[in-house]
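Read the structure below first, then the notes.
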């Protein structure tokens, strides 16, 4: 599960939710650590004649109180102190970083220095404000350590918020002798932002393709299409300028049929999910975060090409939290070759709100590492990773760094840029997952709750209406993420079953309600698509264990889905700590398998049994079948499960006892789990079972189960033989830098 690792300086990030587990109480985990540099907008320094002053109130906490500071519950002025008799003492918890902050008036375009002394694990000191995002941190300060950072305020900056905090679950931290030095704000100075003046040319008139603006952002020119496919058009235009004097950077809305079809933070975008052989007329409008907008550009009319030729799907999941410890950004989807070989990338995961039962955004850590916590995912989310993180130029898809004023940053903006480079690539957003499935049953319970839930998800992730000011960050706003996602993936783990995360809500009615929920998604996606001339995908991640498939209406759900990802992995793992060792995704059953069949029938877990259950049915489990084989996509794990203390036996550790899970690896950081890129097995350590068509690794002590390229090729051949829709991978950051596993998957699908 996700571990309570802190992000780097200035990052209000959270642990991502653990990956769904197909069959047992276990999930893929990836630690969340982002080492980011402190950032601030470059600006002209303030006057050298200005006298530096100490701007913080109660900087040393010597009043015996927290006067001047706004602090989390439990904070106090107490010993030990760096100097004097008082210091800030704040305690972090699994859901609280113990933040204290103070807002200070400053001068625009002026340089300030923030410093202080801290003690504890992962303690942060920083400042935020319009055009300001600066911080420093100490990963492990057993004794007092000085932190310092310098920043320059933006042209419109009149105040900053100074903050200090620890990290989730790291205990008590201390801070003392904090200082913010620089020129004090001069109350006699004129306003830093002069009153708006009329534009030198008359405001633009309304265009029938979309609304006009107030003219403070200049109208984009030179709109052209640079690439056309059967379902996407890449558009490009010249940059607008912003005369509103609020320091904002223009962004852009692309209109089709008078409705917003896409939003871009730069001067190019892919408008996707279009209908083949169809004529579209586009215009583009510049806008800024303050609400100023240009007129509509001159239109361009484009006709899409023929529908893409039918072929097996190749898709993969991109983990929201992969940007932290793994430093796997959307950029790597392109540079690794994945974007060129994949049809769909699914972004994982978004949560269901615990009280409204709707889609939402938040910055709150889940307790994903605690399988026994029934509230592990309640209210958790990572809006920072989604659309608030300032991605540096070196980590960005197009070499352009995010700036503070953008309405959209983070993963979402990088995925937008990725699609502009690879317009054949479709992006979906996955709702749920192992830690975030608790409230699906509530959201699906009634017609009214289904309509409300589906509407909220489409509004947020398809129309792109992201909430602003999540924990003070100004990113988001109306249509800020419009046009990024081409569909929605439902990952409810699991309808009607007690086999999900501890505390998940489930009921007998889930079986029918899951079908009705898919129907509602299909209905609302189609209705919204009609307004912008698009056809959106609806997919679902489905279980592979017959003890969970039995709670699905397999003969009905296929009518609403474009395809289903069957989670054909995690069938065995070190949650059975003493073994026997086994394959995590056997293609076929083996008479040598010592595990008992799954009651009440006589079948063990394996891929072939799962496919049979969906397509033909398994009467002994009450599974009716009837799901189209042509809509089933087989899952491939890019991570491995492991046991240690395994004797060789007669077949290199297979089906043997163990002393426990393998030790945690540096990146995956969970016992019994490793990314493929962490293993690097030799040929002598890699073994093959021809009966189950499965591979494993054995080094004399440790037994690892997962898929090598040979195993992936065998599953691709099986998918072709059975007429299945294709294959998907979970998840991209676990592959090696050469894309060994992904290349095996895409290459073997043809």
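Numbering (my numbering), first residue to last: 323 to 1072. Backbone N, C-alpha and C fix where the C-beta goes; we use that ideal spot for every residue, glycine too.
Limits of the unbroken alpha helix (DSSP H) element including residue i
i	result
residue 1019	Careful: residue 1019 lies outside any alpha helix (DSSP H), inside the beta strand (DSSP E) at 1016-1020.
residue 934	929-937
residue 654	652-657
residue 1070	1062-1071
residue 316	Absent from the structure is residue 316, since the part of the chain shown begins at 323 and ends at 1072.
residue 871	868-871
residue 772	769-779
residue 764	762-765
residue 1028	No alpha helix (DSSP H) holds residue 1028; the beta strand (DSSP E) holding it covers 1025-1028.
Close Cβ partners of residue i (< 8 Å) along its chain, the five nearest in sequence each way excluded
i	result
residue 735	587, 709, 713, 724, 728
residue 1000	987, 988, 989, 990
residue 953	880, 883, 884, 885, 886, 1047
residue 761	674, 675, 676, 679, 827
residue 388	380, 397, 398, 399, 410, 422
Pairwise C-alpha distance: residue j and residue i
i	j	result
residue 719	residue 645	13 Å
residue 343	residue 756	With a pLDDT of 35 at residue 343, under the threshold of 50, the modelled position of this residue cannot be trusted; read the value that follows with caution. Their backbone Cα atoms lie some 6 Å apart in a straight line.
residue 1006	residue 868	35 Å
residue 614	residue 631	43 Å
residue 620	residue 634	40 Å
residue 480	residue 557	38 Å
residue 607	residue 784	19 Å
residue 364	residue 1049	Note that residue 364 scores a pLDDT of 32, beneath 50, so its modelled location is shaky; the value from the coordinates is reported in the next line. Computed Cα separation, rounded: 47 Å.
residue 393	residue 486	9 Å
residue 1057	residue 1043	26 Å
residue 941	residue 726	58 Å
residue 883	residue 836	12 Å
residue 825	residue 380	44 Å
residue 546	residue 622	6 Å
residue 733	residue 861	21 Å
residue 559	residue 601	20 Å
residue 642	residue 670	6 Å
residue 686	residue 908	37 Å
residue 616	residue 543	11 Å
residue 922	residue 851	44 Å
residue 324	residue 538	Since pLDDT at residue 324 reaches only 31, below the 50 mark, its modelled position is unreliable, and the value read off the structure follows with that caveat. Looking at the two C-alpha atoms, the distance is approximately 46 Å.
Delimiting residues of the beta strand (DSSP E) encompassing residue i
i	result
residue 608	601-609
residue 376	374-376
residue 853	Residue 853 -> not in any beta strand (DSSP E); alpha helix (DSSP H) instead, spanning 832-854.
residue 563	Run containing residue 563: none; DSSP gives neither H nor E here.
residue 424	422-427
residue 712	Taken as a continuous stretch (DSSP letters only), residue 712 belongs to no beta strand (DSSP E), as it is neither H nor E.
residue 738	Where residue 738 is concerned, there is no enclosing beta strand (DSSP E), although the alpha helix (DSSP H) it sits in stretches over 732-743.
residue 957	954-959
Burial state of residue i (16 or more Cβ within 10 Å)
i	result
residue 842	buried
residue 1010	exposed
residue 773	exposed
residue 647	buried
residue 1012	exposed
residue 704	buried
residue 793	exposed
residue 499	buried
residue 599	exposed
residue 625	exposed
residue 1002	exposed
residue 769	exposed
residue 524	Interpretation of residue 524 is limited by its pLDDT of 30, a score under 50 that renders its predicted location unreliable; the figure taken from the coordinates is listed afterwards. Classification for residue 524: exposed.
residue 470	exposed
Beta-carbon proximity list for residue i, same chain, < 6 Å, skipping 5 on both sides
i	result
residue 853	581
residue 798	788, 789, 790
residue 859	750, 808, 809, 884
residue 840	879, 882
residue 1034	958, 1066, 1067
residue 738	806
residue 385	none
residue 658	1061
Sequence-distant residues of its chain with Cβ nearer than 7 Å to residue i (five each side left out)
i	result
residue 1023	966, 967, 968
residue 426	377, 378, 481, 482, 484, 502
residue 745	549, 551, 554, 556, 592, 594
residue 722	588, 715
Contact test: residue i Cβ vs the ligand NAD heavy atom, cutoff 7 Å
i	result
residue 619	With respect to small molecules bound, the structure shown includes none, and the ligand NAD cannot be examined in it.
I'd like to know if the region 559-567 and the region 761-770 are in contact, where contact means that at least 3 CB-CB pairs between them fall below 8 Å. Judged by Cβ distances under 8 Å, the region 559-567 makes no contact with the region 761-770, as fewer than three pairs qualify.
Stretch-stretch touch, CB-based, cutoff 8 Å, three pairs: the region 870-878 with the region 817-831: Proximity of the region 870-878 to the region 817-831 meets the contact definition, three or more beta-carbon pairs being nearer than 8 Å.
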